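Protein chains in written order, with our numbering: chain S, 37 to 256; chain U, 37 to 256; chain D, 37 to 256; chain F, 37 to 256.
Number of protein chains: 4
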Amino acid sequence: MSQKQEPGGEKELGRLQSFSDGVFAVAITLLVVDLKVPLVDVKTASPSLGLALALLGQWPSYLTFVTSFATILIMWVNHHTIFKLIQRTDTHFLFVNGFLLLLVTSVPFPTALVAQYLTTPAAKTACAVYAGVFVLINMAYNALWWSASSHQRLLKASVSRVQVQKLTRNYALGFPLYLLAVLLAFWNASVSLGICSILWIFWMVTGYEKSPLMSNRSVQ
Amino acid sequence: MSQKQEPGGEKELGRLQSFSDGVFAVAITLLVVDLKVPLVDVKTASPSLGLALALLGQWPSYLTFVTSFATILIMWVNHHTIFKLIQRTDTHFLFVNGFLLLLVTSVPFPTALVAQYLTTPAAKTACAVYAGVFVLINMAYNALWWSASSHQRLLKASVSRVQVQKLTRNYALGFPLYLLAVLLAFWNASVSLGICSILWIFWMVTGYEKSPLMSNRSVQ
Amino acid sequence: MSQKQEPGGEKELGRLQSFSDGVFAVAITLLVVDLKVPLVDVKTASPSLGLALALLGQWPSYLTFVTSFATILIMWVNHHTIFKLIQRTDTHFLFVNGFLLLLVTSVPFPTALVAQYLTTPAAKTACAVYAGVFVLINMAYNALWWSASSHQRLLKASVSRVQVQKLTRNYALGFPLYLLAVLLAFWNASVSLGICSILWIFWMVTGYEKSPLMSNRSVQ
Amino acid sequence: MSQKQEPGGEKELGRLQSFSDGVFAVAITLLVVDLKVPLVDVKTASPSLGLALALLGQWPSYLTFVTSFATILIMWVNHHTIFKLIQRTDTHFLFVNGFLLLLVTSVPFPTALVAQYLTTPAAKTACAVYAGVFVLINMAYNALWWSASSHQRLLKASVSRVQVQKLTRNYALGFPLYLLAVLLAFWNASVSLGICSILWIFWMVTGYEKSPLMSNRSVQ
Numbered sequence: 037m038s039q040k041q042e043p044g045g046e047k048e049l050g051r052l053q054s055f056s057d058g059v060f061a062v063a064i065t066l067l068v069v070d071l072k073v074p075l076v077d078v079k080t081a082s083p084s085l086g087l088a089l090a091l092l093g094q095w096p097s098y099l100t101f102v103t104s105f106a107t108i109l110i111m112w113v114n115h116h117t118i119f120k121l122i123q124r125t126d127t128h129f130l131f132v133n134g135f136l137l138l139l140v141t142s143v144p145f146p147t148a149l150v151a152q153y154l155t156t157p158a159a160k161t162a163c164a165v166y167a168g169v170f171v172l173i174n175m176a177y178n179a180l181w182w183s184a185s186s187h188q189r190l191l192k193a194s195v196s197r198v199q200v201q202k203l204t205r206n207y208a209l210g211f212p213l214y215l216l217a218v219l220l221a222f223w224n225a226s227v228s229l230g231i232c233s234i235l236w237i238f239w240m241v242t243g244y245e246k247s248p249l250m251s252n253r254s255v256q
Numbered sequence: 037m038s039q040k041q042e043p044g045g046e047k048e049l050g051r052l053q054s055f056s057d058g059v060f061a062v063a064i065t066l067l068v069v070d071l072k073v074p075l076v077d078v079k080t081a082s083p084s085l086g087l088a089l090a091l092l093g094q095w096p097s098y099l100t101f102v103t104s105f106a107t108i109l110i111m112w113v114n115h116h117t118i119f120k121l122i123q124r125t126d127t128h129f130l131f132v133n134g135f136l137l138l139l140v141t142s143v144p145f146p147t148a149l150v151a152q153y154l155t156t157p158a159a160k161t162a163c164a165v166y167a168g169v170f171v172l173i174n175m176a177y178n179a180l181w182w183s184a185s186s187h188q189r190l191l192k193a194s195v196s197r198v199q200v201q202k203l204t205r206n207y208a209l210g211f212p213l214y215l216l217a218v219l220l221a222f223w224n225a226s227v228s229l230g231i232c233s234i235l236w237i238f239w240m241v242t243g244y245e246k247s248p249l250m251s252n253r254s255v256q
Numbered sequence: 037m038s039q040k041q042e043p044g045g046e047k048e049l050g051r052l053q054s055f056s057d058g059v060f061a062v063a064i065t066l067l068v069v070d071l072k073v074p075l076v077d078v079k080t081a082s083p084s085l086g087l088a089l090a091l092l093g094q095w096p097s098y099l100t101f102v103t104s105f106a107t108i109l110i111m112w113v114n115h116h117t118i119f120k121l122i123q124r125t126d127t128h129f130l131f132v133n134g135f136l137l138l139l140v141t142s143v144p145f146p147t148a149l150v151a152q153y154l155t156t157p158a159a160k161t162a163c164a165v166y167a168g169v170f171v172l173i174n175m176a177y178n179a180l181w182w183s184a185s186s187h188q189r190l191l192k193a194s195v196s197r198v199q200v201q202k203l204t205r206n207y208a209l210g211f212p213l214y215l216l217a218v219l220l221a222f223w224n225a226s227v228s229l230g231i232c233s234i235l236w237i238f239w240m241v242t243g244y245e246k247s248p249l250m251s252n253r254s255v256q
Numbered sequence: 037m038s039q040k041q042e043p044g045g046e047k048e049l050g051r052l053q054s055f056s057d058g059v060f061a062v063a064i065t066l067l068v069v070d071l072k073v074p075l076v077d078v079k080t081a082s083p084s085l086g087l088a089l090a091l092l093g094q095w096p097s098y099l100t101f102v103t104s105f106a107t108i109l110i111m112w113v114n115h116h117t118i119f120k121l122i123q124r125t126d127t128h129f130l131f132v133n134g135f136l137l138l139l140v141t142s143v144p145f146p147t148a149l150v151a152q153y154l155t156t157p158a159a160k161t162a163c164a165v166y167a168g169v170f171v172l173i174n175m176a177y178n179a180l181w182w183s184a185s186s187h188q189r190l191l192k193a194s195v196s197r198v199q200v201q202k203l204t205r206n207y208a209l210g211f212p213l214y215l216l217a218v219l220l221a222f223w224n225a226s227v228s229l230g231i232c233s234i235l236w237i238f239w240m241v242t243g244y245e246k247s248p249l250m251s252n253r254s255v256q
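Here it is as structure tokens:
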């Protein structure tokens, strides 16, 4: 396969990767736009305390900011992982990647929804939507990985069968769990959020795990 | 031609491409800024239902978001296609590309206009403006492609006459159709939008078609 | 000089260029944020006409958008021209470039100021501020070019003395003219704007002129 | 170490650097969004003077804009310095870098807070938060540098022990000073800000110092 490869294949891949990285970079940086300086009446007895309390009272904004940032960063690392294993791209992969980027840029929306309604009686809807968006994102990762790995189409020759199976299994595993999180949200919003949080740690850790595997390969 | 080529030509082209990709990436990511979390009174009998209905009621925003995203993505793929066929740039190409980027960044505006007025009696104006912007965008693509391909000025030596003619024909075809969409908008807004939608599918499919052609070339 | 060059010099330059291009790309794309869909009462006798008139009434926004876009694009081309002639960077150049980027990102502000106050009695102040910002931008280009070219410090060996003198003269010429535009604004706002507009055309044309010179060089 | 290096190590590093540069570029360009054109009543006796005064009255916005810009630029130069000394990346470095980027994008928030409350009785809280954010940023730089330099893990072979010790000392020095600035804010806001400002000049100057060292190395 590496002999028949298009000459411009690697350059194409580079451009798609740069474009995707650009979208991730802008999406992750736009998050700060939602942090607003609180307006406080400074003619009170203790204005410094008033400002401190106003800043503390904005904690849902900070939570949204940090969570969205971490979410997009972990998605970037996982996107990264897929791109490390492929050597070229095609139009199908390009549009699946576009669908994934659409969802990446939309992450601040469900996150802000949860931050705003978590402590209200409308938390169930907010958490169901949040988990629902991640069902879609998981589907996009599955589709992207399938587009790359089916018949080893776009993969580098050096990628082992074990690595492919492991990634396939990890992404496939996410689907029923996020779906469960959507359903459980109607019963208990916190349990739904808990499943999503555990899955974030899982995506972060599976990013960790993969690195030694790859460096082993390069030593042999 | 490849012998007389400027030494810095490919680097120049790379920088123009990176800049353009940056503009596309920012434009496509900025779209999410228009998605706002709805404010719902949570002291009603069923706040979860109220939030769900408020979220559903925002469907024109989601439609704008997804449509603008898909539009910019398809335009990026087509921009991509032109850049794949050229080997250097010059100042004329640079300013035509700048005019195209101006229009690319403005896409969210007519799209939001349609989303807001499609179900109102002012739909005709909204759809005429929408189609009108795509007349301009089509003109920019024609001008960019003409700037690249006239006398094979900026094209790679490997690009065949057939490929050039096909792209020239496709872009030229768009012009009368978008113009028709502008005129028909004053009679029936939905027909106008329908023509624009069919053309999007056409641009997406012609992106698809081109890939096998190119890989054939690389195998020979 | 090219023998003593730092090994990482070109890579450094590449990173500075990418960063600068990123700033230009984001700045040029952010402009669209100021285009807002007008809110029109659709329950009138002719809502389509009402929307059309509301859209036309927003012409100062469109003017600001197109002018800011063209301005930043021409500045990018000129930035480009300087970077094409240098082969390495140093910390002084880096901070002067930073000062220039600060001004580049601020361009939408004076442009919007002029668009909003051009047809009012406060036009003089608006145009004086506009021309004043371009005095600063001209100073930044002069400083950047001086930082690059003084004692041929950062220039490529292939850059001729004539090219250096020409660029030095062009940038130096801008300073008294922009200063004049500031002073004349207090007498007549339109004359001030006219001078700035003529200078934009001058920067665009001098970008045009340089290209043949460079390709001549590469053929010899 | 350079023999056992992963083959894709440099490419990985390049992608992380591009992503980081993208975040810096977007963050630095987003700052202008907070500059708003003032709305002035132009039906007064001297509208030009009114607009001029309104523009001057916005000085805290300009101060925030310039200070945030300079801050992010200096942080970019320092980020740059670390990346120049390393030859590969790993997952730990990647997440520490992500934490740093989170803080970089948040810089406009504490800066705007200080600009808004510096001249009010709530200045102490604003300055304490400002200095507090830079305690975190300093911790992130220490962690990033430690992640890169501990056991020379990710460093290039050519980096001397002296360079490592100097950077380690500089970043470690920042921590107690920023912490002091937080504590002193409760006594005197201006003294706190003064310490932060002196440290900015220090980070800028230590960026300056490093360049000759590196070019010396390359000549030998």
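C-beta atoms are modelled at their ideal positions from N, C-alpha and C, and glycine is treated no differently. Model, not experiment: these values are computed from the prediction.
Within its chain, find whatever has a CB closer than 6 Å to the CB of residue i; leave out the 5 residues flanking it on each side and keep chain order.
i	result
S:V278	The first residue shown for chain S is 37 and the last is 256, placing residue 278 of chain S beyond what the model contains.
D:T125	E48, L49, L52
S:T103	T147
D:V76	G86, L87, A90
S:A23	With chain S covering only 37 through 256, there is no way to say anything about residue 23 of chain S.
U:S38	Annotation note: pLDDT 39 at U:S38 (below 50); position unreliable, coordinate value reported separately. Counting only Cβ-Cβ distances below 6 Å, and skipping sequence neighbours, we find A193.
Once you ignore the five residues that flank residue i on each side, which residues in its own chain have a CB closer than 7 Å to its CB?
i	result
D:S54	none
S:G168	V218
S:F335	Since the first and last residues shown for chain S are 37 and 256, residue 335 of chain S lies out of range.
Go through its chain and collect everything with a Cβ distance to residue i's Cβ below 8 Å, but skip five positions before and after it.
i	result
S:W267	Nothing about residue 267 of chain S can be reported from this structure: the residues present for chain S run from 37 to 256 only.
S:S97	D70, L71, K72, A151
For residue i, decide whether its Cβ has a neighbour in chain U, counting only Cβ atoms nearer than 7 Å.
i	result
S:V62	yes
S:V59	yes
S:S54	yes
S:F238	no
For residue i, count neighbouring C-beta atoms within 10 Å of its own C-beta (all shown protein chains included) and say buried if the count is 16 or more, exposed if not.
i	result
D:S212	Before going on, a small fix: residue 212 of chain D reads as Pro here, not Ser. The residue in question, D:P212, is exposed, as its Cβ has fewer than 16 Cβ neighbours within 10 Å.
F:V132	buried
F:H115	buried
S:S82	exposed
S:A193	exposed
F:T80	exposed
Does chain F have any CB closer than 7 Å to the CB of residue i?
i	result
S:F105	yes
D:K160	yes
S:G50	no
D:G210	no
D:G30	Outside the modelled stretch of chain D, which goes from 37 to 256, sits residue 30 of chain D, for which no answer is possible.
Sort out for me which residues DSSP pairs residue i with in a bridge.
i	result
S:I234	S:I234 pairs with nothing; no bridge assigned.
S:L172	Answer is none; S:L172 lacks a bridge partner.
D:F118	Here residue 118 of chain D turns out to be Ile, not Phe, going by the sequence shown. Per DSSP, none; premise fails for D:I118.
F:L191	F:I122
If we cut at 7 Å on Cβ distances, does residue i have a partner in chain D?
i	result
U:T156	yes
U:G230	no
Self-check item: Near-chain S residues of the stretch 64-94 of chain F - C-beta to any C-beta below 8 Å
Solution: L66, V69
Quiz prompt | Interfacial residues, the stretch 137-154 of chain S to chain U, with Cβ spacing under 8 Å | solution = L137, L138, T141, S142, P144, F145, A148, L149, Q152, Y153
Quiz item: Looking at chain D, which residues of the stretch 213-226 of chain F have a Cβ within less than 9 Å of any of its Cβ atoms?
Solution: none
Quiz item: Taking a cut of 8 Å between CB atoms, which residues from the stretch 100-131 of chain S lie near chain U?
Solution: D126, T127, L130, F131
Quiz item: Using Cβ-Cβ distances below 7 Å, what residues of the stretch 171-191 of chain F are close to chain S?
Solution: none
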